[in-house]
Structures are given as C-alpha cells and as structure tokens.
Amino acid sequence: MSNKELAEVLFTDTLDLEDVLKKYPRRDKFITRYAPSPTGFTHLGNLYTAFLNYVLAKQNKGLFILRIEDTDQKRKVKEGIENIIKDLNDFGLTFDEGPLNLEKEKGSYGPYIQSKRQSIYDSFIKYLVTIGRAYPCFCTDEYLESLHKEQENKKVMTGYYGSYAKCRDLTKEEIVKNIKLGIPYVIRFKSLNKESDTIKIKDGVIKETTLPANIFDIVIRKKDGLPTYHFAHVVDDYLMGTSLVIRDHNWFTSLPIHLELFASLNLTTLKYAHIPPVMINDNGVIRKLSKRKDVWAKVSFYKELGIPTEALKIYLATLINTNFEGWYQNNLDKDILEFPFSLNKISKSGPLFDKDKLYNISKNYISRLKAKDLYKLLLDYTKIYDIEFYKLITSYKDKTIAILNIEREIPKPRKDYYSLGVIKDYIWFMYDELFNNLTYEWQQIKDINLIKDIVTTYITKYYYEGISKEEWLNSLKLLANDFGYATSNKEYKENPNKYKGNISDITTVLRVFLTSKKDTFDLYEIMRILGLEEMKRRITLLK
RNA sequence: GGCCAGUUGGUGAAGUGGUUAACACACAUGCCUUUCACGCAUGCAUUCACGAGUCCAAAUCUCGUACUGGUCACCA
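In structure tokens form, the structure reads like this:
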C-alpha cells in the first residue's frame, strides 16, 4: 500500500491541495493579523498585540485581519467571538477582513473562524500523508505518560520523537486495521531533524539567534479532527497572505516547528515578530499579567473604572515604543497613528504595567477634553455603571456640562479626574438631590453660630447673581475684614497677631457650607452654577 | 533540568565605544493661590546585577557567575 492510498483511506472526499491553493491567490499588500482564542474576556496583552498589528497595517497602507482561533473546543466560551469583535470596535481597531458575527464575515480569504476551516486543513494534511511526512498515531494518553516517565528516568529529552515515535513504524496494513476497528487516532507530523540540528532564526524583535531544530513528531490533527495551533497557524497565515506575524513572545520557542512545517509543504516562510508579554510587579515578583490573578489583565476592568479607551491606547502606545511619549507630548493634536511605530524599538524584555503611569496619562487626556465630549463619555459610562447618576446628569444636561467645564478648555486645565468613575466624587454636591446626609469638613472655624453668621452675612450683604470674578474676589475681602480676618495671605503673614485668621479661613467656611468638603474646584464657579436660591436653601441645612 | 531572552534610580525607561547617564511617573521642599488640583522652581543613580577581560576610553564589546522571565501538551 502506498502513501497515496493511505491518504485516500484517511481522507475520503477531501480536496486536493492544488485546488485549495488556487482559491487563495497571492497578494502583495502588507498584511497583519490578530488571532485570538475566544476563551473569555480580552486580556490587556491581547489588546496590546492587536493594537500593534493594527497600527503597523495602517502605517504600511496594508490590511488588518481578524482571525478566530477556536480549535480548542473545550476552552471555547459562549459569546467569546462576539466579545472579541466588540472589544476591537470599542477601541477603534477596525479590521479589514474577519468575522462580523457568527455567520457573516468580510473578506474573500476566509472563513476567518478556524473551526469552519477543517476541510482546508485536511487538504494540507492529506498532502503530507501522501508524501510520507504525516502519519496516524494511535498511542493512548496513558502510553504517552509512561513514555514521558521512562524518558525522565533515562535522563533523555522527553517527547514523541525519533525512535520513541512508535507509530512511525506502523505498517499501512496495521494502520488500516486499527482504523477499521475504530481506534481513535491523531495525525502527527514526521520530523526529519536530528537532535543535534540547529536552525537560524530571524525575528523583528529578538533579531537573530540560533535555536535547536524541531525533532518532535508533533500532533497536527487532533482526535476531534481539528488542527493544533501550530498547523493551523502555518496554513492560515500562508493562505491569508500574512506578511508579518506579530504574536506573543511565548510562540518564539516553537518557531522551529513552524519553520519545518512550512518547508515540508514547500511554502515560503513568513516574517515574524515575537513581542514580550506585559508584566506586573506583584510584591516584588515580576510576572506575566494574569487574567486569573490581576484585575488589570482584563480589558473590561478599565471600562469599569472608566479609563477612556483613547487613554488606554495612548498608554499601550507608550509601552510599545517608549519614544512615543515624547512625540505625543509635542503632538497632542495629532492622531496616534501618525507616530512612526517601530518594531526595532520594542524592548526584548516585557514592559511592566504601571498603574500610576496609566492614571497619569488618563488624567492628562481627560483634562484636555472639551466639556461636551467629557459629558458624552460620562453619559456612556454612567448609563452602565451608575444609572441613578445617569438620570440626574441627563435631566441637568446644561448644568452638568457647565460643571465639567470649570477650569477646563483653558491652556492649563484642572487634572482632577483620572477616570470617568471618579468624577461623581468630585461633583456630586453640585446637585441639590444629592446634597443631603452631610458630613461637613469644617476647618479652623468650627463654631456653628459663627459659621451661620459668616454665611448669612455674605449671602445677604455681598453676593448677587451675575457678580464678576473680580467683584467676587473683592467681596470676600470685605467679608473677611468684617469678621477681623486678614484680606490677603501676604497681609496675614506679615502681621499674624493683628488678625483672627486669614481670608482662607473665611472662604473655607463658605466652601464647606456649600459643598461639605474642604477641597473643591473654584468656589466662584460653584456659587455661579448653584445660584442664589440654592445657596439660601443650603443655609437651612446647617446644624 | 534542557533551550532562548533579559538585568540601568522608588517606578516605567532612554542610551549600541567618549553624554553633566535623557525623558516621564512617583516622592520631597519652596513659590503662586479663595481650598484643592494645575503651573513654575529646586532636589532625588559619582553610577548602569556581580566578577574578570579587550581598549587611550565600557552602561555600551567578550567570557564567567547570579538572578528574573519565557518555553518544553491531542491549550492557544
């Protein structure tokens, strides 16, 4: 029995490789791809990889492809694919080809979901069987385990290779007999390398190095008929025309496998860039960001916090190329994509995730937003995470924009908010509905009668609607003077004994009276937006 | 354990043979000021994991040691 006859037994009505290859003509565009598994929520590292792929595709006027790697049916999660597509959309990483949902997709090099590509993989595997580079393996898990132990005891390399690859030597007749008996099997690739062989590797990030060549007869088709990652990668990225495979660093050491696979199929190899994973400092231990251990690994967590997607992208950009930050500070008005991202600038060691840095970037980003745009973001955010507040700011639209606009849209805006989630903590007291159950943070002046006196005096004697900032500052001085307090910092410092205190003690009384808090943004704006009536009402709350 | 990569301040890092070892975050002090935030000013590694070597010259090149990370599945 020949290899070809065996191939026909294994794959009864599978297309010939030639015919498949014709369906995917070569194309000369620069193509990158993001190929996640639908195993749950998007990991920050995935977003990082996707972003880099996207950016490089755009900058080279190429194509960005989304491909779903769902060959592991056990780890597959419902909604997994939808989540991936949604996250990509949320971050504006629009792909040129890929699935739109479970049924529809765009692009003519699909299907873009691996579980729908089984017949394609089979054509390639059939070819490998035909040329004697692939064979069925009937070894059980138990046998494989005992082999592993045996090899450990003998202190030789563990794995299915060389003389340990038992099923390599099965005769065609034995194979056919086993199959007829219904014994489950996988298909393994037959490696031709020897243990001492090495292979030169080129990589966009790691540069050049030498690795041991692959010697393992790796599984390329699992019992369930689906391919393993290694095989699917080679087939898909070749067919889809990927020019540069940008993927996680952890694939680097399996590159020799992929290279041997490409060679066995007579396919030209691709260019690779293996990017190191995002790390985190866990009490002195540096490790990969882990979805199980770190909330920071989940992209959804940033959404929960209310870190604007654009801010997260800026942060990721600084992780990708550290010279991005300097460029960005000088080009605040430009699109991130205008920065020339470079593979060469990616560090070989994984970037450490730094929450403070993220917050700082986010804070600066938010401070530069127009009040109207911030309002929109806040609306989107509260709609999901704080529906009560959402209703409130919806019914007080203009007022809310006015509040958000305090010390904003000026050259050096306030930088209070590092996320959309903290905004309420800063502005809640501006809403009459929320101004109750108060704990006043009185400072120097604590005597409630004196406080009432100061407040009433100010409102009845000095404050009026439409007062200018200048007049307002002046009114505070007069008020301070009325109560025996210094009218300026300088005055007070020069002669502290002459006064009961400083003007800041008086303004603090007004501030705490109106907000209950000692630290807030500009008091003049607070009064202006609250209005005289509400200010009067708040006197009645003083106890 | 084998193989591959990395190691620069409190943190993220720039730096590829000659620099005062950038920049940013954090921190500290001062100024400004109606509080806070902002802003401004100043301070914060005589030294680049350690040891040896090459060179007039090393954070940068070579070797060794230590440590850290990644990888060795019918998971991707």
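Residue 297 in my numbering sits at position 236 of the first sequence, with consecutive numbering throughout.
Even glycine gets a Cβ: it sits at the ideal position worked out from N, Cα and C.
Quantities reported herein were computed from a predicted structural model and do not represent experimental measurements.
Query: For GLU449, count neighbouring Cβ atoms within 10 angstroms of its own Cβ and tell me buried if that reaches 16, exposed if not.; Result: exposed
Query: Nearest by alpha-carbon distance to TYR299: which of ASN107, LEU328, VAL280 and PRO288 is it?; Result: LEU328
Query: Could I get the ranges of all uninterrupted beta strand (DSSP E) runs contained in the region 111–149, with 3 residues as the minimum, in chain order?; Result: 124–127
Query: Alpha carbon to alpha carbon, what distance is there between ASN107 and ILE587?; Result: 44 Å
Query: Can you give the Cα-Cα distance for LEU154 and PHE125, rounded to whole angstroms?; Result: 9 Å
Query: How would you call GLN505, buried or exposed, if buried means at least 16 neighbouring beta carbons within 10 angstroms?; Result: exposed
Query: Have a look at ASP77 and LYS364 and give me their C-alpha separation to the nearest angstrom.; Result: 48 Å
Query: Please report the straight-line C-alpha distance between LYS416 and GLY265, rounded to a whole angstrom.; Result: 28 Å
Query: My parser needs the alpha helix (DSSP H) runs of 4 or more residues fully inside the region 173–245; what are they?; Result: 179–191, 202–215 and 233–241
Query: Tell me the rounded alpha-carbon separation between ILE422 and PHE277.; Result: 47 Å
Query: Considering only the alpha carbon of each residue, which of LYS216, GLY243, GLN212 and PRO197 lies closest to LEU231?; Result: PRO197
Query: Using the three-state DSSP reduction, which class does TYR524 fall into: helix, strand or coil?; Result: coil
Query: Taking LEU430 as the reference, which of LEU465, LEU305, ILE336 and ILE240 has the closest Cα?; Result: LEU465
Query: For SER480, I'd like the list of residues in its chain whose CB is within less than 7 Å of its CB, leaving aside the five on either flank, ordered along the chain.; Result: LEU366, GLY367, ILE368 and SER423
Query: Using a Cβ-Cβ cutoff of less than 8 Å, which residues in the same chain neighbour ILE145 once the five nearest sequence positions on both sides are dropped?; Result: PRO97, PRO99, THR103, LEU127 and ILE129
Query: The alpha helix (DSSP H) that contains VAL70, what's its start and end?; Result: 64–71
Query: Leaving out five residues on either side along the sequence, give the residues of the same chain with a beta carbon under 6 Å from the beta carbon of ARG469.; Result: ALA432
Query: Check for me: the alpha helix (DSSP H) holding THR517 runs from which residue to which?; Result: 509–518
Query: If we count Cβ pairs, one from each stretch, closer than 8 Å, do we get three or more for the region 199–219 versus the region 80–98?; Result: no
Query: Based on the DSSP output, what are the partners of LEU305 in its beta bridges?; Result: LYS332
Query: Helix, strand or coil for ASP543? Go by DSSP, reduced to three states.; Result: helix
Query: Going by the CB atoms, is the gap between HIS319 and HIS335 shorter than 8 Å?; Result: no
Query: Restricting to Cα atoms, I'd like to know which of LEU113, THR370 and GLN175 is closest to TYR442.; Result: THR370
Query: Counting only the same chain and skipping the five closest in sequence on each side, list residues whose C-beta sits under 6 Å from that of ASP157.; Result: LEU124 and PHE125
Query: Between SER408, LYS418, ASN405 and ILE375, which lies nearest to GLU399 when the distance is taken from Cα to Cα?; Result: ILE375
Query: I need the DSSP call for VAL339, collapsed to helix, strand or coil.; Result: coil
Query: Given that a residue counts as buried once 16 or more other Cβ atoms are within 10 Å of its Cβ, and exposed if not, what is SER325?; Result: buried
Query: Quick one: what's ARG353 bridged to in DSSP?; Result: ARG353 pairs with nothing; no bridge assigned.
Query: Could you tell me the distance, in whole angstroms, from the CA atom of GLU321 to the CA atom of ASN275?; Result: 7 Å
Query: Opposite ILE262 in the DSSP bridges: which residues?; Result: THR270
Query: Excluding five sequence neighbours on each side, which residues of the same chain lie with their C-beta closer than 8 Å to the C-beta of LEU161?; Result: ILE146 and LYS167
Query: VAL81 and ILE181: beta carbons closer than 8 Å?; Result: yes
Query: What are the partner residues of VAL570, as DSSP defines its beta bridges?; Result: Paired residues: none, contrary to the question.
Query: Under 8 Å: do the region 399–409 and the region 347–363 share three or more Cβ pairs, one atom per stretch?; Result: no
Query: Could you spell out where the alpha helix (DSSP H) holding TYR95 opens and where it closes?; Result: First-last for TYR95: 92–95, but that is the beta strand (DSSP E), not the alpha helix (DSSP H).
Query: Looking only at DSSP bridge pairs, what is PRO160 linked to?; Result: GLU166
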